[in-house]
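Trainee:
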Amino acid sequence: MQRLAIGIDIGGQSSKCGVVTQDGTILCQSVVTSLIDSFDEYLELLASTVKELVRKTASQGTVIGIGIGAPNANRLDGTIRYAPNLRWARDAQGKPGVVYLADRLKEITGLHVRITNDANAAASGEHTYGVARGINDFIMITLGTGVGSGIITHGRLLYGHDGFAGELGHVCVVQDGRQCNCGLKGCLETYASAMGVARTAREFLQNDKRDSLLRKLDPERISSKDIYDAAVQGDMLAKDIFVFTGRILGRALGDFVKFSSPQAIVLFGGLTKSREFFHDEMVKAMNENLMQIWKDKIQILYSSLKESDAAILGASSMVWPVNE
2 MQRLAIGIDI GGQSSKCGVV TQDGTILCQS VVTSLIDSFD EYLELLASTV KELVRKTASQ
62 GTVIGIGIGA PNANRLDGTI RYAPNLRWAR DAQGKPGVVY LADRLKEITG LHVRITNDAN
122 AAASGEHTYG VARGINDFIM ITLGTGVGSG IITHGRLLYG HDGFAGELGH VCVVQDGRQC
182 NCGLKGCLET YASAMGVART AREFLQNDKR DSLLRKLDPE RISSKDIYDA AVQGDMLAKD
242 IFVFTGRILG RALGDFVKFS SPQAIVLFGG LTKSREFFHD EMVKAMNENL MQIWKDKIQI
302 LYSSLKESDA AILGASSMVW PVNE
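All the letters of the sequence shown, read from the start, carry residue numbers 2 to 325 under this note's numbering.
Written as structure tokens, this is what we have:
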């Protein structure tokens, strides 16, 4: 009987759960709401979903553990700490608090539970099932609503002394730059995320007087997809927005290479769909920001995982190292 893992991707709106084989096949999956105020109620819903998935796949294999990817999750103590977008992870005063999700879920299900933040889970999933399979030193950068990262060195995720290593989205790339939701200024996330690209578009539209398809849109509602669609139609302002983004991201990648000397950098997330407009400028800027020993030696790879399945696969991959 083959061994199976359950992967759970926890988001602010919903939690996706799936049973996965060791070769990355999702046998069965389910989605439950995350919009619950009580931690106990959410835990009960999650546990019942896990038990139902185990029952449904019992004839196909044995579930040996649960992997969870979640915002602000800490691998070292199994907690979720101060996650602002998880209603059930708040304290009695309604403020983001600390919940011991891994231990509580293990008590109810009897299954080993391993938890980490969503970007680390993405890195683990890419290492186990995706384009980084066989690469033991790489950096995963997720370019979505925000910018996340996971660092794998010598085949293992880098956690640091407190479990929160690898917050590369909050490295300062512009001195006294844009205000970030984390409280800092100039973070990479404010420039290289989907939200950051939209902010760049608003700045360009204000300061650059060229004609653009983007001027037909409400500036406050412009999305990265709007900018991509305009670039596809040949809009030069839209193209320059991506060039600007690529330069900032590339310089940051050059800095990241200097501290971990990865074989590759893997990019994942919705913004990578626009890579035809920023890839070349990003690679050029990265190499310009590298010493000779690394120039033109770092592979830039794009995730091979299906975006709709990637979160479940990434979470499930956390199970296998514990059980090998």
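Cβ coordinates follow ideal geometry from the N, Cα and C atoms, glycine included. Because the structure is a prediction, the values reported are computed rather than measured.
Mind checking whether LEU5 and THR50 have CB atoms under 8 Å apart?
Mentor: Along the sequence shown, one-based indexing puts residue 5 at 4. Along the sequence shown, one-based indexing puts residue 50 at 49. Their beta carbons are not under 8 Å apart, which means LEU5 does not touch THR50 by this criterion.
Trainee: Look at ALA286 and GLY251 and say whether their C-beta atoms are less than 8 Å apart.
Mentor: Locating residue 286 in the sequence shown gives position 285, counting from the first residue. Locating residue 251 in the sequence shown gives position 250, counting from the first residue. Cβ distance < 8 Å, so ALA286 and GLY251 count as in contact.
Trainee: Can you tell me whether ARG56 is helix, strand or coil according to DSSP?
Mentor: Numbered from 1 along the sequence shown, position 55 holds the residue referred to as residue 56. If DSSP states are grouped into helix, strand and coil, ARG56 belongs with the helices.
Trainee: With DSSP as the reference, please indicate the residues paired to CYS173 in a beta bridge.
Mentor: Stepping through the sequence shown from its first residue, residue 173 is reached at position 172. CYS173 is bridged to CYS188.
Trainee: Could you tell me how far apart the beta carbons of LYS240 and PHE278 are, in whole angstroms, since I believe they sit closer than 8 Å?
Mentor: As a position in the sequence shown, residue 240 is number 239, starting the count at 1. As a position in the sequence shown, residue 278 is number 277, starting the count at 1. Right, their Cβ atoms sit about 6 Å apart.
Trainee: Can you give, in chain order, each stretch of the beta strand (DSSP E) that sits fully within the region 63-142 and has at least 3 residues?
Mentor: Runs found: 63-71, 80-82, 113-118.
Trainee: Which whole-angstrom value describes the C-beta separation of PRO263 and ASP138, a residue pair presumed to lie in contact below a C-beta threshold of 8 Å?
Mentor: The residue you call residue 263 lines up with position 262 of the sequence shown. The residue you call residue 138 lines up with position 137 of the sequence shown. The Cβ separation is near 5 Å, so the contact holds.
Trainee: Any idea if ILE18 is buried or exposed, counting beta-carbon neighbours within 10 angstroms, 16 or more meaning buried?
Mentor: Translated into the one-based positions of the sequence shown, residue 18 becomes position 17. The amino acid at residue 18 is misidentified as Ile; the sequence shows Cys. It counts as buried.
Trainee: In or out: CYS183 buried (at least 16 other Cβ within 10 Å) or exposed?
Mentor: As a working note, residue 183 is residue 182 in the sequence shown. Burial call: exposed.
Trainee: Return the chain-ordered list of same chain residues with a C-beta closer than 6 Å to the C-beta of ALA124, the five sequence neighbours on each side being excluded.
Mentor: Working through the sequence shown from its first residue, we reach residue 124 at position 123. Once the five neighbours on either side are set aside, the close Cβ partners of ALA124 are MET141, GLY151, ILE153.
Trainee: Buried or exposed for ILE313, going by 16 or more other Cβ atoms inside 10 Å?
Mentor: Walking along the sequence shown from the start, residue 313 turns up at place 312. Label assigned to ILE313: buried.
Trainee: Is it buried or exposed for PHE269, if we count other Cβ within 10 angstroms and need 16 for buried?
Mentor: For the purposes of this step, residue 269 is taken as the residue at position 268 of the sequence shown. Flag for PHE269 reads buried.
Trainee: In whole angstroms, what separates the C-alpha of SER15 from that of ILE37?
Mentor: For the purposes of this step, residue 15 is taken as residue 14 along the sequence shown, with counting starting at 1. For the purposes of this step, residue 37 is taken as residue 36 along the sequence shown, with counting starting at 1. When rounded, the distance between both Cα atoms is 10 Å.
Trainee: Quick check: the Cα distance between VAL323 and GLY95, rounded to an integer number of angstroms?
Mentor: Within the sequence shown, the letter at position 322 stands for residue 323. Within the sequence shown, the letter at position 94 stands for residue 95. Residue confidence is low: VAL323 scores 47 on pLDDT, short of 50, so the model does not pin down where it sits. No coordinate-derived value is stated.
Trainee: Between GLY161 and the rest of its own chain, which residues show a CB-CB distance below 8 Å, the 5 nearest in sequence each way excluded?
Mentor: The sequence position of residue 161 within the sequence shown is 160, counting from 1. So the qualifying residues of the chain are GLY167.
Trainee: Is the CB-CB distance between LEU302 and VAL258 below 8 Å?
Mentor: The residue given as residue 302 occupies position 301 in the sequence shown. The residue given as residue 258 occupies position 257 in the sequence shown. Not closer than 8 Å, so no.
Trainee: Buried or exposed for ASN75, please, with buried defined as at least 16 other CB atoms from any protein chain shown within 10 angstroms of its CB.
Mentor: Taking the first residue of the sequence shown as position 1, residue 75 is located at position 74. Answer is buried; the Cβ neighbour count reaches 16.
Trainee: When the distance is taken between beta carbons, is ALA122 closer than 8 Å to ALA265?
Mentor: On the sequence shown, residue 265 is found 264 positions in, with the first residue counted as 1. On the sequence shown, residue 122 is found 121 positions in, with the first residue counted as 1. Their beta carbons are not under 8 Å apart, which means ALA265 does not touch ALA122 by this criterion.
Trainee: Looking at the C-beta of PHE278, does it have a partner C-beta in chain B at a distance below 8 Å?
Mentor: The structure shown contains no chain B; it holds only a single protein chain.
Trainee: For ARG157, which of helix, strand or coil comes out of DSSP?
Mentor: Translated into the one-based positions of the sequence shown, residue 157 becomes position 156. Strand at ARG157.
Trainee: Would you tell me roughly how many angstroms separate the C-alpha atoms of VAL20 and GLY8, rounded to the nearest one?
Mentor: Within the sequence shown, numbered from 1, the residue matching residue 20 stands at position 19. Within the sequence shown, numbered from 1, the residue matching residue 8 stands at position 7. C-alpha separation (whole angstroms): 6 Å.
Trainee: Would you identify the three-state DSSP class for PHE269, choosing helix, strand or coil?
Mentor: Translated into the one-based positions of the sequence shown, residue 269 becomes position 268. Of the three classes helix, strand and coil, the one that applies to PHE269 here is strand, per DSSP.
Trainee: Verify whether the separation of the beta carbon atoms of SER213 and THR146 is less than 8 Å.
Mentor: Position 212 of the sequence shown, counting from 1, holds the residue named residue 213. Position 145 of the sequence shown, counting from 1, holds the residue named residue 146. No, Cβ-Cβ distance for SER213 and THR146 is not below 8 Å.
Trainee: Which stretch, first to last residue, makes up the alpha helix (DSSP H) that contains ARG4?
Mentor: Taking the sequence shown and counting its residues from 1, the one referred to as residue 4 is at position 3. Segment 4-11 is the beta strand (DSSP E) holding ARG4; no alpha helix (DSSP H) there.
Trainee: Taking Cβ to Cβ, would you say VAL99 is nearer than 8 Å to ARG88?
Mentor: By one-based count along the sequence shown, residue 99 stands at place 98. By one-based count along the sequence shown, residue 88 stands at place 87. Against a cut-off of 8 Å, the Cβ pair of ARG88 and VAL99 comes out as no contact.
Trainee: Can you round the beta-carbon distance between ALA90 and PHE40 to whole angstroms, since I take them to be within the 8 Å contact cut?
Mentor: Within the sequence shown, residue 90 is the residue found at index 89, counting from 1. Within the sequence shown, residue 40 is the residue found at index 39, counting from 1. Between PHE40 and ALA90 the Cβ distance is about 7 Å, and since that is below 8 Å, they are a contact.
Trainee: What residues match up with VAL148 in a beta bridge as DSSP calls it?
Mentor: Residue numbering aside, residue 148 sits at position 147 when the sequence shown is read from its first letter. DSSP, once it has assigned bridges, lists LEU144 as partnering VAL148.
Trainee: If you drop the 5 nearest sequence neighbours on each side, which residues of the same chain put their C-beta closer than 6 Å to that of ILE136?
Mentor: The count along the sequence shown starts at 1 and reaches residue 136 at position 135. The answer, listed in chain order, is GLN264, ALA265.
Trainee: Based on Cα-Cα distance, which residue from GLN3, LEU44, ARG115, GLN300 lies nearest to ASP24?
Mentor: Taking the first residue of the sequence shown as 1, we reach residue 24 at position 23. Ranking the options by Cα distance to ASP24, first place goes to GLN3.
Trainee: Measuring CA to CA, which of ILE11, ASN208, GLY126 is closest to LEU336?
Mentor: Residue 336 is absent from the structure shown; the chain starts at 2 and stops at 325.
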